[in-house]
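Since the structure comes first, as structure tokens, the remarks are kept for the end.
There are 2 protein chains.
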Amino acid sequence: MVFSFDLQTTDGRARRGTIRTPHGDIETPAFTPVGTQATVKTLDVDDLHAMKAPVVLANTYHLYLRPGTDVVERHGGLAKFMGWDGPTITDSGGFQVFSLGFGLEHGVSKISNIFPDEDVPERRQSKQKLMKVDDEGVSFRSHLDGSLHRLTAERSVKLQQQIGADIILAFDECTSPLHDERYTARALERTHAWARRSKEAWTNREQQALFGIVQGGAYKGLREQSAQYMNDLDVPGYAIGGSLGRSKQDMYDILDWTTPLLDPSKPRHLLGIGEIGDIFAGVARGVDTFDCVAATRMARNGAVYISPEAGGTAANKFRLNISGAAFADDAGPIDPGCDCKVCATHSRAYIRHLFAANEMLGMRLATIHNLRFVLRLMEEMREVIEEKRFNELAKKWGVAELV
Amino acid sequence: MVFSFDLQTTDGRARRGTIRTPHGDIETPAFTPVGTQATVKTLDVDDLHAMKAPVVLANTYHLYLRPGTDVVERHGGLAKFMGWDGPTITDSGGFQVFSLGFGLEHGVSKISNIFPDEDVPERRQSKQKLMKVDDEGVSFRSHLDGSLHRLTAERSVKLQQQIGADIILAFDECTSPLHDERYTARALERTHAWARRSKEAWTNREQQALFGIVQGGAYKGLREQSAQYMNDLDVPGYAIGGSLGRSKQDMYDILDWTTPLLDPSKPRHLLGIGEIGDIFAGVARGVDTFDCVAATRMARNGAVYISPEAGGTAANKFRLNISGAAFADDAGPIDPGCDCKVCATHSRAYIRHLFAANEMLGMRLATIHNLRFVLRLMEEMREVIEEKRFNELAKKWGVAELV
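Going down the list, the sequences are from chains A and B. Numbers 227 to 629, taken from my numbering, label the letters of the first sequence in order. Numbers 227 to 629, taken from my numbering, label the letters of the second sequence in order.
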């Protein structure tokens with residue numbers, strides 16, 4: 227097995243390690259840029275290399291629908307298809323199926339009919355549901371064309387084998403904060419059964435490492451039960467996913483409940499979380515890797531990261547909106563302390579102009595800056611953990627109360 | 227004066243030369259990527275360097291409206307503002323004013339009222355015109371917010387001095403193929419008067435070279451008269467602009483009429499023309515530099531250039547539409563003979579996927595390919611002109627009848 231995790235040192239619960247994959251090492255704590263559709267939006271692979279991106283996460287749901295996992299497979303797998311030579315991760319597809327389904331049906335029963343031939347009143351039938359879960363798997367409609375599809379643990383693993391990422395995730399049911407404890411417990415049973423079935427379907431063990439996903443909503447008992455289950459399942463790594471509660475504090479509690487129950491010799495990934503304060507909180511609670519679209523999505527809206535030296539605070543979420551008129555004549559870089567190529571070359575005035583003029587380059591430059599900003603913060607975190615100074619860094623960033 | 231043109235050799239009427247500017251040399255024949263709003267759409271300056279772009283052309287009209295030529299000036303001029311260290315060109319603003327004005331009013335009198343306080347019937351008044359020309363200059367409305375503005379020769383030169391490009395253009399009235407000879411002659415008188423006034427207003431002669439613009443529509447007598455006028459005006463270079471007739475043949479005729487009358491020791495720029503066949507035809511008729519949005523605009527629509535070896539012909543305009551389903555599984559590069567980074571790294575299938583999935587990266591990769599494709603063709607043209615084999619190259623590309 228070419229996958230391994232070396233835990234080098236700790237500082238409190240913060241961990242400094244290395245994940246070794248067939249496509250290279252990931253130094254942890256690490257942040258994973260998200261390349262949903264086999265591209266980190268607006269960036270090419272040279273951009274990813276230049277910012278020292280350690281790994282890219284793509285979404286199985288999206289690649290399955292477009293261009294098709296068979297196409298990705300025929301073109302050598304995700305990395306080769308997108309021209310990337312580093313490590314890759316795929317999710318199980320569950321999150322998109324459940325979040326697009328439940329999210330769009332917000333407040334509507336999860337068990338509604340999605341099949342037009344079922345016996346439902348005409349009025350309800352016309353409003354077709356996007357997904358329907360059962361113990362075996364989940365049926366869902368494509369958000370692209372409404373076509374019907376089905377995912378099971380076995381199928382998710384099969385699709386992820388076709389995509390060929392270094393790290394793949396067990397199939398899970400992702401619940402929402404709107405689900406009650408009873409439903410969440412029922413979903414967790416399925417998630418555990420699906421994790422076991424995912425492990426059984428996982429045949430490509432020399433090339434891909436399977437991570438089990440800890441679920442259980444914001445319910446302490448369920449989260450502990452799930453962490454224990456995944457720990458006992460004996461897979462190469464863990465992800466913490468699903469509903470992380472209704473507040474930041476809920477999320478921190480969930481991490482406090484779960485990470486102590488997970489085998490410390492295996493890496494832990496926190497799914498879909500990656501704002502600055504959350505990264506500090508996660509690392510402080512023993513999370514090794516993060517993925518999140520916030521840095522890139524915000525960038526496309528003109529929200530760019532700034533460090534404490536440039537006025538960033540927990541209150542302003544370390545951001546400023548570069549498209550604001552206040553920057554129309556600002557000759558300085560986004561962040562004087564940043565080592566990204568955008569800050570080396572371009573003024574706030576120029577980037578503001580690009581956003582004002584609806585030039586796509588603005589989104590790309592902001593994306594490069596935001597990702598490099600986060601990746602550099604991770605580099606700094608790795609250094610201070612080695613030196614047992616993680617709390618100092620948190621203080622410097624004004625987020626000491628989060629760690 | 228730091229601007230000069232060295233004509234090194236000729237092959238028939240095709241010319242091989244070097245334009246020297248304060249920001250570096252432009253080897254000719256050359257193609258100028260268009261950076262309308264101080265960015266070549268989707269690209270950053272590293273992309274321009276990697277593809278060996280010799281120069282960038284920006285539009286005075288657009289920069290005047292947004293971010294303002296004063297802003298560009300305060301940030302060190304166009305090149306510095308956009309982070310580009312090579313040569314730059316600006317147009318006079320005339321083309322946009324007249325093309326947006328007349329184009330949008332297609333078929334409507336050019337002398338219509340644009341001022342709400344003038345005595346016009348209510349019905350017409352409500353349809354405010356976008357521009358109004360007089361002998362002194364042109365009043366126009368911004369296409370962004372409808373605000374009123376005025377351009378004169380003196381003002382155009384002043385704005386271009388603020389922008390600070392190496393090569394600037396005299397202010398001109400750009401006519402349309404719909405204008406008759408009488409109107410075109412009247413407009414030409416203004417264009418000549420404005421060229422003389424532009425020369426008088428051109429004070430920054432050590433830093434910027436002024437090119438006069440040959441106009442006259444598709445009327446032989448007017449074009450000859452204009453070429454003679456610009457030649458006699460004794461400015462550092464010439465541009466051939468305006469209406470180039472209703473057919474490709476009209477354009478070739480216009481070049482045949484005009485370039486022989488222009489001082490061969492000065493460079494000639496063909497404004498807004500740059501498709502493959504037209505570049506061959508222009509170079510064959512003594513044009514040194516070209517600018518055109520076709521390569522970049524087409525790229526954003528998925529039309530990518532292919533060489534004769536990859537199936538490109540004059541009939542298909544050396545293009546294929548990469549977003550077509552036919553390329554969904556095509557593992558080859560856009561053009562196997564192309565030396566751009568896109569063809570070195572990415573398959574047609576991947577780029578097709580990016581277009582199908584509405585990923586901005588698709589537009590950027592296609593833009594990089596198309597521009598490098600044209601720039602490389604220009605490199606090849608320079609080589610064959612030196613070797614007196616320009617006609618051979620035209621034959622190889624199947625466009626011998628154009629040269």
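Glycine included, every Cβ here is placed at the ideal spot set by N, Cα and C.
Across the segment 547-573 of chain A, CB contacts with chain B closer than 8 Å involve Ala554, Asp555, Ala557, Lys567, Thr571, His572, Ser573, in sequence order along the chain. Contact annotation: in the segment 300-311 of chain B, residues whose CB is within less than 8 Å of a CB in chain A are Arg300, His301, Phe307, Met308, Gly309.
Every beta strand (DSSP E) of 3 residues or more that sits fully in the segment 292-329 of chain A is shown, in chain order, as 314-316. Chain A has no Cβ within less than 8 Å of the Cβ of Thr314 (chain B). Close CB contacts of Asp517 (chain B) within its chain, under the 6 Å cut and outside five residues either way in sequence, are with Thr258, Val260, Leu283 (chain order). Nearest to Ala540 (chain B) by alpha-carbon distance, out of B:Pro559, B:Ala525, B:Arg523, B:Phe506, is B:Phe506.
A Cβ-Cβ separation of about 7 Å places Asp514 (chain A) in contact with Ala256 (chain A) under the 8 Å criterion. Taking C-beta separations shorter than 7 Å and ignoring five residues to either side along the sequence, the partners of Val323 (chain B) in its chain run Tyr287, Met357, Val364, Phe366, Leu377, following chain order. Distance from the CA of Phe553 (chain A) to the CA of Ala575 (chain A), rounded to the nearest whole angstrom, comes to 5 Å.
When DSSP states are grouped into helix, strand and coil, Val625 (chain B) belongs to the coil group. Residue ranges of uninterrupted alpha helix (DSSP H) with 4 or more members, entirely inside the segment 515-578 of chain B and ordered along the chain, are 520-526, 567-571. Here Leu448 (chain A) has Glu407, Thr410, Ala411, Leu414, Gln441, Gly442 as same chain residues with Cβ atoms under 8 Å from its own Cβ, once five neighbours each way along the sequence are excluded.
Think of a sphere of 8 Å around the beta carbon of Arg590 (chain B): the chain A residues whose beta carbon falls inside it are Thr268, Asp270, Met586, Arg590, in chain order. Judged by their CB atoms, Asn547 (chain B) and Gly528 (chain B) are nearer to each other than the 8 Å cut-off. Around the beta carbon of Leu370 (chain B), a 10 Å sphere encloses fewer than 16 other beta carbons of the protein chains shown; the residue is thus reported as exposed. The DSSP assignment places 271-276 as complete runs of the alpha helix (DSSP H) inside the segment 250-276 of chain B, in order along the chain (cut-off: 4 residues). The beta carbon of Arg292 (chain A) falls within 8 Å of a beta carbon belonging to chain B, placing the residue at that interface.
The DSSP-derived three-state label of Phe397 (chain B) is coil.
The C-alpha of Leu269 (chain B) is placed about 11 Å away from the C-alpha of Ala276 (chain B). Val297 (chain A) reaches chain B at Ala554, Asp555, Ala575, His579, counting residues in chain order whose Cβ is nearer than 8 Å. Residue nearest to Arg431 (chain A) within the set A:Arg242, A:Ser491, A:Pro248, A:Ala582 is A:Pro248 (criterion: CA-CA distance). Assigned with DSSP and collapsed to three states, Arg239 (chain B) falls in coil, not helix or strand. Fewer than three pairs of CB atoms, one per stretch, sit closer than 8 Å, so the segment 413-428 of chain B makes no contact with the segment 608-627 of chain A. Chain A has no Cβ within less than 8 Å of the Cβ of Ala521 (chain B). Gly498 (chain A) and Gly467 (chain A) have their C-alpha atoms roughly 8 Å apart.
For Ser382 (chain B), the closest C-alpha among the options B:Asp361, B:Ala421, B:Gln434, B:Ser318 is that of B:Ser318. In this chain, the alpha helix (DSSP H) harbouring Ala453 (chain A) covers 446-459. Phe437 (chain B) has B:Leu395, B:Gly463 as its beta-bridge partners, per DSSP. Taking 8 Å as the threshold, the shortest C-beta distance from Thr286 (chain B) to chain A does not fall below it. Considering only A:Ile245, A:Ile252, A:Leu289, A:Leu233, the residue with the shortest C-alpha distance to Ala582 (chain B) is A:Leu289.
The beta carbon of Ala391 (chain A) sits closer than 6 Å to the beta carbons of Leu304, Thr314, Ile315, Thr316 from its chain, once the five residues preceding and following it are set aside; these are given in chain order. Secondary structure note for Gly588 (chain A): its alpha helix (DSSP H) is the uninterrupted segment 586-612.
Listed in chain order, the positions of the segment 251-266 of chain B with a beta carbon within less than 8 Å of a beta carbon of chain A are Gln263, Ala264, Thr265. Bounds of the alpha helix (DSSP H) holding Thr417 (chain B) are 407-427. For Ala582 (chain B), at least one C-beta of chain A is nearer than 8 Å to its own C-beta. In the three-state DSSP reduction, His375 (chain A) falls in the strand class (E or B).
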